[in-house]
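Residue numbers (our numbering): 776 to 976. All residues carry an ideal CB built from backbone N, CA and C; glycine is no exception. Let me begin by presenting the structure, written as structure tokens, before commenting on it.
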């Protein structure tokens, strides 16, 4: 760690995780309101929410459970607990947005772009506070740490399978929009979360 690096305080970490989860959950709400998908476990949870009669937050938590053990094994309890807290917060906030906004009718292109921008910024904040939203985020961060592959590019490749799976449930036009949106999200991560660039710990 460079000598000029300054660790985040506990208060900074708490505020960072709250901010990141709020932005990400609002982005996912916009995506769901647009009947779109995105990559990763969030995209998988969105897909399942269109067919399974359960709240999105419940599905999102269930989808991420298998990755929690991976987080503990490879990243340690500190990262795993922060990630678990972030997943729980997103799940709770995801149920609050419909209550606050009601049902939204969004232009699909706007909903996909805005949703992925917010989700990408939220993930970026979480990454910088040693947290994530589980699933592919954990795998992408592991590969970045071990192989120096940028997390955004790794996740972009993994997300292709999720977006393509949406062809079974949503229109081809929405799949194209969702693919563009997932690419946008991962470009945000790739351009802003390079190894060694951010010194906060």
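Distance, residue 948 Cα to residue 786 Cα
Locating residue 786 in the chain shown gives position 11, counting from the first residue. Locating residue 948 in the chain shown gives position 173, counting from the first residue. Here the alpha carbons of residue 948 and residue 786 stand approximately 43 Å from one another.
Say whether the segment 791-805 touches the segment 932-949, bearing in mind that this needs 3 or more beta-carbon pairs closer than 8 Å, one atom from each stretch.
No, the segment 791-805 does not touch the segment 932-949.
Residues in the same chain with beta-carbon distance under 6 Å from residue 798, minus the five sequence neighbours each way, listed in chain order, please.
In the chain shown, residue 798 corresponds to position 23, counting from 1. Correct list, in chain order: 893, 896 and 897.
Is it a yes or a no for the segment 903-911 touching the segment 835-850, going by three-plus beta-carbon pairs under 8 Å?
These segments touch.
What residue from 800, 930, 960 and 886 has the CA that sits closest to residue 913's CA?
Within the chain shown, the letter at position 138 stands for residue 913. Checked all of 800, 930, 960 and 886; the closest Cα to residue 913 is 930.
Which residue wins for smallest C-alpha separation from residue 834, given the options 964, 865, 957 and 950?
Indexing the chain shown from 1 puts residue 834 at position 59. Closest by alpha carbon: 865.
Out of 887, 925 and 920, point me to the one whose CA is closest to residue 954's CA.
As a working note, residue 954 is residue 179 in the chain shown. Its Cα nearest to that of residue 954, the residue 887 stands out among 887, 925 and 920.
Taking just the CA atoms, how far does residue 905 sit from residue 805?
Residue mapping note: residue 805 aligns to position 30 of the chain shown, counting from 1. Residue mapping note: residue 905 aligns to position 130 of the chain shown, counting from 1. A direct Cα-Cα distance of roughly 25 Å separates residue 805 from residue 905.
Considering residue 830, what are the terminal residues of the alpha helix (DSSP H) in which it resides?
Indexing the chain shown from 1 puts residue 830 at position 55. If you look at residue 830, you'll find it isn't in any alpha helix (DSSP H); DSSP assigns it neither H nor E.
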